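Protein chains in written order, with the UniProt record's numbering: chain A, 1 to 206; chain B, 1 to 206.
We put the beta carbon where it would ideally sit given N, CA and C, even for glycine.
Note that the structure is a prediction, hence the values are computed from the model and not measured.
Number of protein chains: 2
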Amino acid sequence: MGRTSEAKNKILLAAQSLLGQRGYSSLGVAEICKAAGVPKGSFYYFFESKEALALAVIDMHWAAERHDWESILEADDEPLRRLRHLLEATEARQREGQGSYGAVLGCMFGNLSLEMSNQADAIRLRLQEIFETEVNMVDAVIQEAQERGEVTLSDTRDTARSVVAQLEGQVLFAKLYNNPSQLDTLWPSCRALLGVHDDQAIAALA
Amino acid sequence: MGRTSEAKNKILLAAQSLLGQRGYSSLGVAEICKAAGVPKGSFYYFFESKEALALAVIDMHWAAERHDWESILEADDEPLRRLRHLLEATEARQREGQGSYGAVLGCMFGNLSLEMSNQADAIRLRLQEIFETEVNMVDAVIQEAQERGEVTLSDTRDTARSVVAQLEGQVLFAKLYNNPSQLDTLWPSCRALLGVHDDQAIAALA
Numbered sequence: 001m002g003r004t005s006e007a008k009n010k011i012l013l014a015a016q017s018l019l020g021q022r023g024y025s026s027l028g029v030a031e032i033c034k035a036a037g038v039p040k041g042s043f044y045y046f047f048e049s050k051e052a053l054a055l056a057v058i059d060m061h062w063a064a065e066r067h068d069w070e071s072i073l074e075a076d077d078e079p080l081r082r083l084r085h086l087l088e089a090t091e092a093r094q095r096e097g098q099g100s101y102g103a104v105l106g107c108m109f110g111n112l113s114l115e116m117s118n119q120a121d122a123i124r125l126r127l128q129e130i131f132e133t134e135v136n137m138v139d140a141v142i143q144e145a146q147e148r149g150e151v152t153l154s155d156t157r158d159t160a161r162s163v164v165a166q167l168e169g170q171v172l173f174a175k176l177y178n179n180p181s182q183l184d185t186l187w188p189s190c191r192a193l194l195g196v197h198d199d200q201a202i203a204a205l206a
Numbered sequence: 001m002g003r004t005s006e007a008k009n010k011i012l013l014a015a016q017s018l019l020g021q022r023g024y025s026s027l028g029v030a031e032i033c034k035a036a037g038v039p040k041g042s043f044y045y046f047f048e049s050k051e052a053l054a055l056a057v058i059d060m061h062w063a064a065e066r067h068d069w070e071s072i073l074e075a076d077d078e079p080l081r082r083l084r085h086l087l088e089a090t091e092a093r094q095r096e097g098q099g100s101y102g103a104v105l106g107c108m109f110g111n112l113s114l115e116m117s118n119q120a121d122a123i124r125l126r127l128q129e130i131f132e133t134e135v136n137m138v139d140a141v142i143q144e145a146q147e148r149g150e151v152t153l154s155d156t157r158d159t160a161r162s163v164v165a166q167l168e169g170q171v172l173f174a175k176l177y178n179n180p181s182q183l184d185t186l187w188p189s190c191r192a193l194l195g196v197h198d199d200q201a202i203a204a205l206a
């Protein structure tokens, strides 16, 4: 039992790395098993298909990212500072990825949304759920800031969606230019989306 | 000569359609030739490789999109209205695509940036040039608005980049949810990035 779950775990980790670097379509089961050091025959013992593996990788990747998001967004700090920390952590993560792989890999969920969402319904639905949750998490923080009078927004959820869209768009540029510094303007952009001017922001974050 | 360029054109159009729907990695030369109704043998007469074809498709697609962007952004109208029209045209184009293909296909350049940019240097460089030009075009309009006193920005180019990032991020959502209405908030979000409040915007656009 220990050995089988070890093999499954090796496949998941190899697939996570390859999926992050190369996307879904160009990957084959044989290549994943080779990278995992697991015989190809055992793949279908654990996963019905490449798509089933991709879903499991998405879930594993999201569990880790969600944990990161929660520990930042639910920290004991002022709401706008927490949001700022989330965006700074995004840049740090892309910088780390570049250090490990030599290339900014971007956001796995954004990558798969553009590559796969109109080709595999199960993957589309899972990615929708993830982005929905991300927007809800950001919305909760913006609502707190609204209740404290730090922002005045007509629809906090629309703004939360724009913040996540801005993150995805700027991560796209960071990947395209292979340069995490593209994300330097992420917080100023999101502050503008929140309608917070420099001076107010400085006061709010003091 | 007429017949050979007709065959080349058929390959380009078939590849544009398939690339938009399915991305790069999952496409094969044989499939493209079949869709184009052109014998596979003739493919390499026109294109050195699948990558060379992709570059030609990107150029063709950009020539058309650039023409659209220019006719909107250089129209005889107030700068912020022109920018708003560009974003509305983006939604209209995604809606049209959904009508034709049954799915929101997103932005070909954003799709390829996330799928391909860390795998093919020539494609990465071409996409960088395209986004650079898009940001410059948006920046020119924002600078006009700045000169007219309609916006007060410390760095118009940073804001232009955030506007294009917002567009790409929201187009990602439109594709993921297969719903062009996700783009309804594109103009309000970009207005916030420009630091223009509702009332000011109404005055500016009157």
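Judged by their CB atoms, residue 127(A) and residue 112(A) are nearer to each other than the 9 Å cut-off. Taking 9 Å as the CB threshold, residue 164(B) lines the interface with chain A. Going by C-alpha positions, residue 179(A) is about 8 Å away from residue 173(A). Residues of chain B with a Cβ closer than 7 Å to the Cβ of residue 59(A) do not exist; the shortest Cβ-Cβ separation is about 17 Å. Linking residue 129(A) to residue 60(A) through their CA atoms gives a straight-line distance of about 14 Å. Non-local C-beta neighbours of residue 196(A) in its own chain, meaning closer than 8 Å and more than five positions away in sequence, comprise 80, 150, 151, 204, ordered along the chain. Cα atoms of residue 93(A) and residue 40(B): separation of roughly 44 Å, rounded to the nearest angstrom. Going by DSSP, residue 173(B) is part of the alpha helix (DSSP H) stretching over 156–176. The C-beta distance from residue 164(A) to residue 141(A) rounds to 12 Å, too long to fall under 8 Å, and the pair is not in contact. Rounded to the nearest angstrom, the Cβ distance from residue 35(A) to residue 18(A) is 6 Å, consistent with a contact under 8 Å.
4(B) is the residue among 193(B), 4(B), 109(B) whose C-alpha sits nearest the C-alpha of residue 46(B).
Separation of the CB atoms of residue 23(A) and residue 115(B) is rounded to 5 Å, and the pair is thereby assigned contact status at 8 Å. For residue 16(B), not one C-beta of chain A is nearer than 9 Å to its own C-beta. Scanning 83(B), 107(B), 64(B) for the CA closest to the CA of residue 191(B) turns up 83(B).
For residue 100(A), the enclosing alpha helix (DSSP H) has its first and last residue at 79–101. Here the C-alpha atom of residue 109(B) lies approximately 8 Å from the C-alpha atom of residue 58(B). Measuring C-alpha to C-alpha distances from residue 88(B) to each of 170(B), 177(B), 159(B) identifies 170(B) as the nearest.
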